[in-house]
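Numbering of the sequence shown is given in the numbering used here, commencing with residue 27 and proceeding in unit increments.
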Amino acid sequence: MAVAYRGVRLAEARPGERVCVLGGGAIGLAAVGVARHKGIEVDLEARHPHQRSVGERLGAGIVANDAESRYDVVIEAAGSESGLVRAFELVRPGGRVVLLGVYHGLVPLPGIPMIVKEATVRASMAYAVDPGGGREYANAAAV
């Protein structure tokens, strides 16, 4: 939960922005829950029907097939090369991409889409101390 909490915080997502979470595993679903707790509307793109079902129960919408360039923020929690490519398809020009997934080995970046979109990319490693000096895991536990 603290990893997802940190990812949503690093995304600087605000109510009214369009947010997408890629990946319906534990981190992705926790990110949906944290975003909804903060009053942020969020869509989920997940591989398996049971993951989408849990996301919907948490309050997420489902990413539409024609969703390219639609989101202000994309949180990539799948940790896959295809997830990384999809993040840059979904983010709007000038939007933000937060990388929560773990990539094993070298992963090629989607160069042209990344450059054309001029998106801000933030990578995250687990959790840390938040700007107010509190421990993120304690804040996440309160969610």
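In this text, a Cβ means the ideal position worked out from N, Cα and C, and glycines have one as well.
Of all the options 79, 77, 100, 70, which has the alpha carbon lying nearest to the alpha carbon of residue 33? By one-based count along the sequence shown, residue 33 stands at place 7. Looking at 79, 77, 100, 70, the one whose alpha-carbon comes closest to that of residue 33 is 100.
Could you tell me which residues DSSP pairs with residue 13 in its beta bridges? In the structure as shown, the chain starts at 27 and stops at 169, and residue 13 therefore has no counterpart that could be examined.
Nearest neighbour of residue 74, chosen from 149, 61, 49 [CA to CA]: Locating residue 74 in the sequence shown gives position 48, where the first residue counts as 1. Ranking 149, 61, 49 by Cα distance to residue 74 puts 49 first.
Kindly indicate the opening and closing residues of the beta strand (DSSP E) around residue 101. Taking the first residue of the sequence shown as 1, we reach residue 101 at position 75. That run of the beta strand (DSSP E) goes 97-102.
Give a yes or no on whether the C-beta atoms belonging to residue 54 and residue 103 are separated by under 8 Å. Stepping through the sequence shown from its first residue, residue 54 is reached at position 28. Stepping through the sequence shown from its first residue, residue 103 is reached at position 77. The answer is yes: Cβ separation under 8 Å.
Does the region 126-137 come close enough to the region 75-85 to have 3 or more Cβ pairs within less than 8 Å? The region 126-137, when compared against the region 75-85, does not touch it at the 8 Å Cβ threshold.
Nearest residue (CA-CA) to residue 31, options 61, 72, 107: Stepping through the sequence shown from its first residue, residue 31 is reached at position 5. Taking the Cα of residue 31 as reference, the smallest distance to any Cα among 61, 72, 107 is reached at 61.
In angstroms with no decimal places, state the Cα-to-Cα distance between residue 58 and residue 69. Along the sequence shown, one-based indexing puts residue 58 at 32. Along the sequence shown, one-based indexing puts residue 69 at 43. Taking the straight line from one Cα to the other gives about 8 Å.
Given this structure, state the Cα-to-Cα distance separating residue 88 from residue 46, to the nearest angstrom. Numbered from 1 along the sequence shown, position 62 holds the residue referred to as residue 88. Numbered from 1 along the sequence shown, position 20 holds the residue referred to as residue 46. Distance from the CA of residue 88 to the CA of residue 46, rounded to the nearest whole angstrom, comes to 9 Å.
Three-state secondary structure (DSSP) of residue 107: Walking along the sequence shown from the start, residue 107 turns up at place 81. DSSP places residue 107 in helix when its eight states are reduced to three.
Output the boundary residues of the beta strand (DSSP E) element that contains residue 135. Residue numbering aside, residue 135 sits at position 109 when the sequence shown is read from its first letter. Segment: none, residue 135 is in no beta strand (DSSP E) and carries neither H nor E.
Would you tell me roughly how many angstroms separate the C-alpha atoms of residue 106 and residue 150, rounded to the nearest one? For the purposes of this step, residue 106 is taken as the residue at position 80 of the sequence shown. For the purposes of this step, residue 150 is taken as the residue at position 124 of the sequence shown. It is roughly 15 Å from the alpha-carbon of residue 106 to the alpha-carbon of residue 150.
Can you find the residues in the same chain that come closer than 6 Å, C-beta to C-beta, to residue 120, ignoring five residues on each side of it along the sequence? Position 94 of the sequence shown holds residue 120. Only 144 meet the Cβ criterion.
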